[in-house]
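Engineer:
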Amino acid sequence: MDYQKELITVSQKLIPDFEITQEQSFNKQSFIEKLSPYISHLLDTDFQQLVQIMYRIDVSEKEFALTLQPGNEKIPEKLAEMIYDRLCLKARIRAEYKAK
Numbered sequence: 001m002d003y004q005k006e007l008i009t010v011s012q013k014l015i016p017d018f019e020i021t022q023e024q025s026f027n028k029q030s031f032i033e034k035l036s037p038y039i040s041h042l043l044d045t046d047f048q049q050l051v052q053i054m055y056r057i058d059v060s061e062k063e064f065a066l067t068l069q070p071g072n073e074k075i076p077e078k079l080a081e082m083i084y085d086r087l088c089l090k091a092r093i094r095a096e097y098k099a100k
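Sequential numbering from 1 applies to the sequence shown in this note's numbering.
(1) Give me, in chain order, the residues of the same chain whose beta-carbon lies closer than 8 Å to that of Pro37; leave out the 5 immediate sequence neighbours on both sides.
(2) Would you report the Cα separation of Gly71 and Leu43, rounded to the nearest angstrom?
(3) What does a CB cutoff of less than 8 Å around Leu87 pick up in its chain, not counting 5 residues either side in sequence?
(4) State the Cα-Cα distance for the pair Gln69 and Gln29, rounded to the nearest angstrom.
(5) Can the beta-carbon of Phe31 be found closer than 9 Å to that of Ala80?
(6) Measure from the alpha carbon of Ser40 to the alpha carbon of each residue in Glu63, Ala65, Gln52 and Lys78, then state which is nearest.
(7) Using only CA atoms, which one of Tyr97, Lys34, Lys98 and Ile83 lies nearest to Gln52?
(8) If you count every other CB in all the chains shown that lies within 10 Å of the CB of Lys90, and 16 or more means buried, which is it?
(9) Distance, Cα to Cα, Met1 vs Gln48?
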């Protein structure tokens, strides 16, 4: 089932200031590379905004907290991957319901 368009819609709705193209939306690595600097910026300047985004996307609080533990490397990339995986799930579910 094609849910690429839904993934773009969900991403733009739930992550302010994040633009993604159709080519990037299904390429996990490209998505992570584009989102990681934004997450890094939020970690440094507006942690509360990042928490709100994670809540709206419905990323597991436990996984989020574990990722933020001191000593973890590449925190922005790991968070971006968590976001991508969750957004794909949301997009797939929405596309299936729209198709019915």
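Where a beta carbon is used, it is the ideal one built from N, C-alpha and C, also for glycine.
Structural biologist: Result, derived from the coordinates:
(1) Here the question's residue 37 lines up with position 37 in the sequence shown. These residues qualify, in order along the chain: Pro76.
(2) For the purposes of this step, residue 71 is taken as residue 71 along the sequence shown, with counting starting at 1. For the purposes of this step, residue 43 is taken as residue 43 along the sequence shown, with counting starting at 1. A direct Cα-to-Cα measurement between Gly71 and Leu43 gives close to 15 Å.
(3) In the sequence shown, the residue the question calls residue 87 occupies position 87. Around Leu87: Leu7, Val10, Ser11, Leu14 and Ile57.
(4) As a first step, residue 69 must be located in the sequence shown, where it is residue number 69. As a first step, residue 29 must be located in the sequence shown, where it is residue number 29. Answer to the nearest angstrom: the Cα atoms are 23 Å apart.
(5) As a working note, residue 31 is residue 31 in the sequence shown. As a working note, residue 80 is residue 80 in the sequence shown. The answer is yes: Cβ separation under 9 Å.
(6) Residue mapping note: residue 40 aligns to position 40 of the sequence shown, counting from 1. Of Glu63, Ala65, Gln52 and Lys78, the residue nearest in Cα terms is Lys78.
(7) One-based indexing of the sequence shown puts residue 52 at position 52. In terms of CA proximity to Gln52, Ile83 leads the group Tyr97, Lys34, Lys98 and Ile83.
(8) As a first step, residue 90 must be located in the sequence shown, where it is residue number 90. With a threshold of 16 other beta carbon atoms within 10 Å, Lys90 meets it and is buried.
(9) Stepping through the sequence shown from its first residue, residue 1 is reached at position 1. Stepping through the sequence shown from its first residue, residue 48 is reached at position 48. Below a pLDDT of 50, predicted positions are generally treated as unreliable, and Met1, at 42, falls in that range; the measurement from the model is reported next regardless. When rounded, the separation of the alpha-carbon atoms in Met1 and Gln48 is 35 Å.
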